[in-house]
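Inspection log for the structure reproduced underneath, given as structure tokens.
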Amino acid sequence: MLKKNFQIILAVFVSSILLHPTALTAAQSLQVNLKPNHIAMGATYNGTTISVTGKIPADAEVLIRLLGHYSDTKLKKKGRALGFLWMNMGAVEFKNIPSVFLLLPSPDLEKFSRGDHEAWRKIGLGFGTLEEKAVIVPASEDKEKLFKDFRKLKESAELYGVQKNRIRYGSTTGSMKPFAATMSIPSDIPEGTYTVQVYAIRDASIVASAEQSITAEEVGFPATLSFLAFHHATLYGVLAVVVAIIAGLFTGLIFKGAKGGH
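Pasting the structure below:
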């Protein structure tokens with residue numbers, strides 16, 4: 001009797017897997033590789049790229065995110081005074097918001113995000129969700145406009161944005177398909193640890209995900225300057241003045257020589 005019950009339970013379990021393959025897929029952990037996973041920012045650093053590769057379920061689409069550390073960001077709020085003066089009208093603070101927020105959607109997901117805004121918002125991985133969760137102090141009825149301006153500021157430094165047409169798929173093997181993506185890392189990225197998140201999305205739902213970390217580290221001359229600025233502020237200030245004086249003298253000599261040539 002016990003053996004028979006066990007056989008029945010086993011049959012039901014196997015049938016449930018065969019009839020619902022998505023349950024097995026969702027439980028799979030994605031295999032993701034990053035190259036490189038460490039960024040050395042020296043004196044000549046002007047941005048770089050990292051390669052993100054892996055495999056996702058064959059019937060899914062891939063979305064990649066790069067997130068910086070969460071912190072509070074204070075900005076000056078500008079506005080018009082007396083109808084014509086453009087000046088600071090106070091300060092605004094964005095609480096617990098990522099320093100970097102980059103999205104790399106597959107071409108189909110990029111089209112989907114533009115076509116079905118509500119379904120895309122429910123996935124909860126885009127800028128709409130980031131805006132919803134953002135806390136702005138002091139509270140304002142212009143939250144949408146303030147966040148839009150904040151996003152524009154970040155996009156101007158390439159720290160926020162959507163990098164399109166960066167994902168390529170390979171030939172499907174069995175139930176999985178490989179992908180490869182090239183992510184641009186901006187020149188103004190702050191030193192620190194960042195999270196690369198990879199999502200497999202099917203029918204507006206996340207079916208699998210994985211994440212890995214990368215580090216950005218100042219090396220050489222930039223690292224020396226940062227060390228002096230934070231640990232030897234007086235010496236850093238003196239050196240800055242000396243460099244400014246030398247640069248001024250050098251510029252003066254160049255212009256003097258140019259005038260003498262005429």
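According to the numbering used here, numbering within the sequence shown proceeds without interruption in unit steps and concludes at 262.
Don't be surprised by glycine CBs; every beta carbon is placed ideally from N, CA and C.
Contact between I206 and L104 is absent: CB atoms are separated by about 16 Å, not below the 8 Å threshold. In summary, V242 is exposed, with fewer than 16 beta-carbon neighbours lying within 10 Å of its beta-carbon over all protein chains present. In terms of Cα proximity to K164, the closest of A210, V196, V137, L109 is L109.
Here H38 is actually not in contact with G192; their C-beta atoms are around 12 Å apart, not less than 8 Å.
Sorting A181, G161, T48 by C-alpha distance to the C-alpha of L67 places G161 at the top. For H69, there is no enclosing beta strand (DSSP E), as DSSP gives it neither H nor E.
By the neighbour-count criterion, in which 16 or more other beta carbons inside 10 Å mark a residue as buried, F250 falls on the exposed side. Residue burial annotation: L63 is buried, with at least 16 other C-beta atoms found within 10 angstroms of its C-beta. A Cβ-Cβ contact shorter than 8 Å links V198 with V52. For the pair of segments examined, the region 143–161 was found to touch the region 120–134: the number of CB pairs separated by less than 8 Å reaches three.
Less than 8 Å divides the Cβ of S99 from the Cβ of P190.
DSSP, reduced to helix, strand and coil, places R166 outside both helices and strands of the structure shown, so it counts as coil. I246 counts as exposed, since fewer than 16 other beta carbons sit within 10 angstroms of its beta carbon. Put simply, the backbone Cα of S213 is about 15 Å away from that of T49. Judged by DSSP in its simplified three-state form, A119 adopts helix.
Partner residues in a beta bridge of F127, as assigned by DSSP, do not exist. The three-state secondary structure of V100, taken from DSSP, is coil.
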